[in-house]
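Protein sequences appear in the order of chains A and B.
Note that the numbering used here has the first sequence beginning at 1, numbered continuously upward.
Note that the numbering used here has the second sequence beginning at 258, numbered continuously upward.
There are 2 protein chains.
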Amino acid sequence: MRILLSNDDGIYAPGIRALRKELQKLGEVVVVAPATEQSAAGHSVTLLNPLLVTEVYEDDGQTFLGWAVEGRPADCMKLALLELLPEPPDLVVSGLNAGSNAGINVLYSGTVAAAVEAAFYHYTAIAVSLEYTKNARLDWPTAADHARKVIETILSHQPAKGSLFNVNIPPLERGPVKGVKVMPQNVSVYEEKFDRRVNPRGRTYFWTSPDFRCITPHPDTDVTALADGYITVTPLQFDLTNHQVIQHMQTWAWGEG
Amino acid sequence: MRILLSNDDGIYAPGIRALRKELQKLGEVVVVAPATEQSAAGHSVTLLNPLLVTEVYEDDGQTFLGWAVEGRPADCMKLALLELLPEPPDLVVSGLNAGSNAGINVLYSGTVAAAVEAAFYHYTAIAVSLEYTKNARLDWPTAADHARKVIETILSHQPAKGSLFNVNIPPLERGPVKGVKVMPQNVSVYEEKFDRRVNPRGRTYFWTSPDFRCITPHPDTDVTALADGYITVTPLQFDLTNHQVIQHMQTWAWGEG
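This is the structure in structure tokens:
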């Protein structure tokens with residue numbers, strides 16, 4: 001099995017290295033990932049800058065690891081599938097991200113966007129993220145082991161081409177995971193703050209605060225199950241149409257617009 | 258009515274200026290938009306850089322226009338709603354974007370992301386984009402007039418709080434619009450190319466090609482109706498869960514993960 005692996009924390013991040021080791025148990029892994037951290041890149045793509053591409057080798061300097069791209073996660077995926085890989089992959093994986101991508105964070109996430117981009121092209125794609133508590137040391141090998149097992153379960157059910165999944169692993173420093181729950185994406189808003197400051201030249205600027213909390217998650221969603229200590233698996237799709245209201249809207253009188 | 262206006266082409270782009278003029282017929286408009294072009298920013302947000310904010314005035318230097326933010330469209334929306342606006346808006350509009358945001362472009366679009374972000378916070382939000390043919394001179398006043406009329410129709414139906422709409426206007430240089438169609442988002446992939454080059458230092462880089470075409474759009478979608486000369490309106494939502502498969506997946510045996 002040929003596996004394409006990407007992420008949004010960058011090709012040198014510990015999460016992608018740990019996940020690569022585990023995925024090598026399933027097949028041949030090639031990495032195409034951003035050269036630098038691209039957290040919260042969402043599904044952005046690079047139109048105005050050139051995408052510099054560099055071959056990267058393992059620490060031995062001999063074993064080919066893949067390509068670092070000076071761009072966004074979605075750029076990496078496009079370049080991998082259209083330009084860089086000698087053969088199409090059988091599976092695309094994105095992660096292991098440092099920090100969960102549950103609830104509306106799915107839309108901010110570069111990790112998920114890389115997987116969505118692969119699904120555009122009808123590849124089966126799985127995004128995997130690891131939640132952690134502040135200042136914790138992340139147990140990447142255990143997280144990667146969980147990720148591989150969940151991926152194996154998904155593959156054992158032979159998902160249709162272009163199937164897309166979002167996997168979140170709870171904070172391992174709190175204890176062993178309680179199991180796996182298949183859950184829908186939570187859609188409620190997060191509480192968020194900005195830190196307002198004035199620079200030495202008298203100009204106002206804001207820092208995004210790291211405190212970003214979902215105050216009222218729905219009880220049966222990815223956010224709540226993850227907080228309860230479960231690995232969550234959410235099947236995703238990328239049709240943003242609100243199908244519940246579209247038929248009604250088609251009866252409206254629109255005039256000539 | 259208080260209207261918050263944003264975009265992804267930047268606060269000085271002609272599209273947002275034309276749309277502001279039209280929206281002033283409906284109420285008081287405050288602009289919070291990126292200081293520079295942020296096309297294809299998707300739903301990215303800025304975590305690692307400070308968000309510099311500048312008050313912007315009309316060309317007379319006296320009339321307050323709004324704030325320019327050194328950030329992404331979604332950053333602008335968060336800052337506007339949480340920090341900058343003295344009172345919550347009754348309506349959020351994003352646009353007029355130069356270029357359509359139909360089909361999977363909805364996911365790449367900073368224009369749409371600004372509207373989605375507002376909908377996270379339960380504001381009614383409408384993204385508006387103008388398609389154009391290569392090298393055409395864009396007729397912003399006519400496009401903005403169309404946009405206002407469509408927005409008026411939507412508002413006349415008193416949409417629920419947090420309702421989200423994506424509006425696309427066809428290329429006006431091809432002739433008058435044929436009318437308005439309410440259409441779902443097309444989900445099929447686009448044909449895309451990269452231009453591979455080598456820099457003077459021997460390093461490989463790629464440019465994203467401007468030729469980005471949907472080869473096989475579904476006949477009853479935003480992409481096809483727009484190509485046929487109709488203004489398209491698509492109600493959107495931001496739950497990416499694939500609800501068609503989730504119940505089946507909940508029956509799978511996951512082991513301990």
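Ideal Cβ positions, reconstructed from N, Cα and C, are used throughout, including at glycine.
No experiment lies behind these values; they were computed from the predicted model shown.
(1) Within its chain, find whatever has a CB closer than 8 angstroms to the CB of D220(A); leave out the 5 residues flanking it on each side and keep chain order.
(2) How would you write the range of the alpha helix (DSSP H) that I154(A) sits in, first residue to last?
(3) Taking the straight line between their C-alpha atoms, what separation do you get for N306(B) and Y205(A)?
(4) Counting only Cβ-Cβ distances shorter than 9 angstroms, please list the residues of the region 222 to 244 of chain A near chain B, keeping chain order.
(5) Helix, strand or coil, according to DSSP, for F120(A) in the structure here?
(6) Could I get the ranges of all uninterrupted beta strand (DSSP E) runs contained in the region 63 to 106 of chain A, with 3 residues as the minimum, in chain order?
(7) With respect to the alpha helix (DSSP H) encompassing D222(A), which residues constitute its N-terminal and C-terminal limits?
(8) Tell me which same chain residues have a C-beta within less than 7 angstroms of the C-beta of E279(B), skipping the five on either side of it?
(9) Mind pulling the chain B residues with CB within less than 9 angstroms of L51(A)?
(10) Identify the residues that DSSP records as bridge partners of V385(B): which are they?
(11) Could you list which residues in chain A have their beta carbon closer than 8 angstroms to that of P441(B), in chain order?
(12) How would you call K282(B), buried or exposed, if buried means at least 16 neighbouring beta carbons within 10 angstroms?
(13) Output yes if chain B places a C-beta closer than 8 angstroms to the C-beta of M249(A); else output no.
(14) Got a sec: is the Cβ-Cβ distance from F120(A) to anything in chain B below 8 angstroms?
(15) Per DSSP, S263(B) is paired with what?
(16) Which residues in the same chain as K438(B) place their Cβ atom closer than 6 angstroms to its Cβ, once the five residues preceding and following it in sequence are excluded?
(17) Against chain A, with Cβ distances strictly below 8 angstroms, would V407(B) count as a contact?
(18) Tell me the residue span of the alpha helix (DSSP H) that contains R17(A).
(19) Among Y12(A), A80(A) and E256(A), whose alpha-carbon lies nearest the alpha-carbon of F451(B)?
(20) Among residues of its own chain, excluding the 5 on either side of A325(B), which ones have a beta-carbon nearer than 6 angstroms to its beta-carbon?
(21) For I503(B), report the span of its alpha helix (DSSP H) as first-last.
(22) Since W254(A) meets chain B, which of its residues come closer than 9 angstroms, beta carbon to beta carbon?
(23) Excluding five sequence neighbours on each side, which residues of the same chain lie with their C-beta closer than 7 angstroms to the C-beta of V150(A)?
(24) When DSSP builds the beta bridges, which residues end up paired with R197(A)?
(25) Within 10 Å of its beta-carbon, does S39(A) have 16 or more other beta-carbons around it, so buried, or fewer, so exposed?
(26) Taking Cβ to Cβ, would you say S6(A) is nearer than 8 angstroms to S94(A)?
(27) Chain A beta carbons: is any one of them nearer than 8 angstroms to that of E340(B)?
(28) Using the beta-carbon of each residue, which ones in chain A are nearer than 7 angstroms to I472(B)?
(29) Starting from A290(B), follow its DSSP beta bridges and name the residues at the other end.
(30) Can you say whether D317(B) is buried or exposed, counting buried as having 16 or more other CB atoms within 10 angstroms of its CB?
(31) If you check the beta carbons only, do V349(B) and A331(B) fall under 8 angstroms apart?
(32) For R201(B), does the count of other Cβ atoms within 10 angstroms reach 16, so buried, or fall short, so exposed?
(33) Name the two residues that bound the continuous beta strand (DSSP E) containing L309(B).
(34) Can you grab the Cα-Cα spacing for the pair L518(B) / T241(A), in whole Å?
(35) For R259(B), tell me which candidate among E344(B), E374(B) and P416(B) has the shortest Cα-Cα distance.
(36) For R470(B), count neighbouring Cβ atoms within 10 angstroms of its own Cβ and tell me buried if that reaches 16, exposed if not.
Considering the structure as presented:
(1) As a first step, residue 220(A) is located in the first sequence; it is residue number 220 there, counting from the start. These residues qualify, in order along the chain: M183 and P184.
(2) As a first step, residue 154(A) is located in the first sequence; it is residue number 154 there, counting from the start. Run containing I154(A): W140 to S156, per the alpha helix (DSSP H) assignment.
(3) The residue given as residue 306(B) occupies position 49 in the second sequence. The residue given as residue 205(A) occupies position 205 in the first sequence. Computed Cα separation, rounded: 10 angstroms.
(4) D222, Y230, I231, V233, T234, P235, L236, Q237, F238, D239, L240, T241, N242, H243 and Q244
(5) If you number the first sequence from 1, residue 120(A) lands on position 120. Helix at F120(A).
(6) 64 to 69 and 91 to 98
(7) Locating residue 222(A) in the first sequence gives position 222, where the first residue counts as 1. Taken as a continuous stretch (DSSP letters only), the alpha helix (DSSP H) holding D222(A) covers D222 to A227.
(8) Position 22 of the second sequence, counting from 1, holds the residue named residue 279(B). For E279(B), where only same-chain residues beyond five positions count, the Cβ hits under 7 angstroms are A401, D402, A404 and R405.
(9) Within the first sequence, numbered from 1, the residue matching residue 51(A) stands at position 51. Within chain B, the residues near L51(A) are F451, Y462, F463, W464 and T465.
(10) Mapped onto the second sequence, residue 385(B) falls at position 128. Looking at the DSSP assignment, V385(B) forms a beta bridge with V424(B).
(11) Looking up residue 441(B) in the second sequence gives position 184. Ordered by position in chain A, the residues that pass the 8 angstroms Cβ test against P441(B) are D239, T241, H243 and I246.
(12) The residue given as residue 282(B) occupies position 25 in the second sequence. Exposed, since its Cβ has fewer than 16 Cβ neighbours within 10 Å.
(13) Locating residue 249(A) in the first sequence gives position 249, where the first residue counts as 1. Answer yes: the Cβ-Cβ gap between M249(A) and chain B drops below 8 angstroms somewhere.
(14) Along the first sequence, one-based indexing puts residue 120(A) at 120. Cβ-Cβ to chain B under 8 angstroms: yes for F120(A).
(15) By 1-based counting over the second sequence, the position of residue 263(B) is 6. DSSP, once it has assigned bridges, lists S351(B) as partnering S263(B).
(16) On the second sequence, residue 438(B) is found 181 positions in, with the first residue counted as 1. If we look at K438(B) and ignore the five residues flanking it on each side, its Cβ neighbours are A482, Y487 and T489.
(17) In the second sequence, counting from the first residue as 1, residue 407(B) sits at position 150. Output row for V407(B): interface = yes.
(18) Stepping through the first sequence from its first residue, residue 17(A) is reached at position 17. That run of the alpha helix (DSSP H) goes P14 to L23.
(19) What you label residue 451(B) is simply residue 194 of the second sequence in a count that begins at 1. Of the listed residues, the one whose Cα sits closest to F451(B) is A80(A).
(20) Indexing the second sequence from 1 puts residue 325(B) at position 68. Excluding positions up to five away in sequence, the list reads I268, A292, T311 and V313.
(21) Stepping through the second sequence from its first residue, residue 503(B) is reached at position 246. Here the alpha helix (DSSP H) through I503(B) covers H500 to M506.
(22) For the purposes of this step, residue 254(A) is taken as the residue at position 254 of the first sequence. What W254(A) touches in chain B: K406, V407, T410, G436, V437, K438, V439, I488 and V490.
(23) Position 150 of the first sequence holds residue 150(A). The residues are V167, V180, I231 and V233.
(24) As a position in the first sequence, residue 197(A) is number 197, starting the count at 1. Per DSSP, Y205(A).
(25) Counting from 1 along the first sequence, the entry for residue 39(A) is found at position 39. Burial call: buried.
(26) For the purposes of this step, residue 6(A) is taken as the residue at position 6 of the first sequence. For the purposes of this step, residue 94(A) is taken as the residue at position 94 of the first sequence. Going by C-beta atoms, S6(A) is nearer than 8 angstroms to S94(A).
(27) Along the second sequence, read from residue 1 onward, the residue named residue 340(B) stands at position 83. Yes, E340(B) lies at the interface with chain A (some Cβ there is under 8 angstroms from its Cβ).
(28) As a first step, residue 472(B) must be located in the second sequence, where it is residue number 215. Per Cβ cutoff of 7 angstroms: no residues; I472(B) is ~13 angstroms from chain A at best.
(29) Numbered from its first residue, the second sequence carries residue 290(B) at position 33. Beta-bridge pairing links A290(B) to A325(B).
(30) By 1-based counting over the second sequence, the position of residue 317(B) is 60. Looking at its Cβ environment, which holds fewer than 16 other Cβ atoms inside 10 Å, D317(B) is exposed.
(31) Position 92 of the second sequence, counted from the start, is the residue given in the question as residue 349(B). Position 74 of the second sequence, counted from the start, is the residue given in the question as residue 331(B). Result no, Cβ atoms of V349(B) and A331(B) do not sit closer than 8 angstroms.
(32) Residue numbering for chain B in the displayed model covers 258 to 514; residue 201(B) lies beyond these limits and cannot be assessed.
(33) Reading the second sequence from its first residue, position 52 is the one you call residue 309(B). Unbroken beta strand (DSSP E) run through L309(B): L308 to Y314.
(34) Outside the modelled stretch of chain B, which goes from 258 to 514, sits residue 518(B), for which no answer is possible.
(35) For the purposes of this step, residue 259(B) is taken as residue 2 along the second sequence, with counting starting at 1. Per the Cα distances, E344(B).
(36) Translated into positions along the second sequence, residue 470(B) becomes position 213. With fewer than 16 Cβ atoms within 10 Å of its Cβ, R470(B) is classed as exposed.
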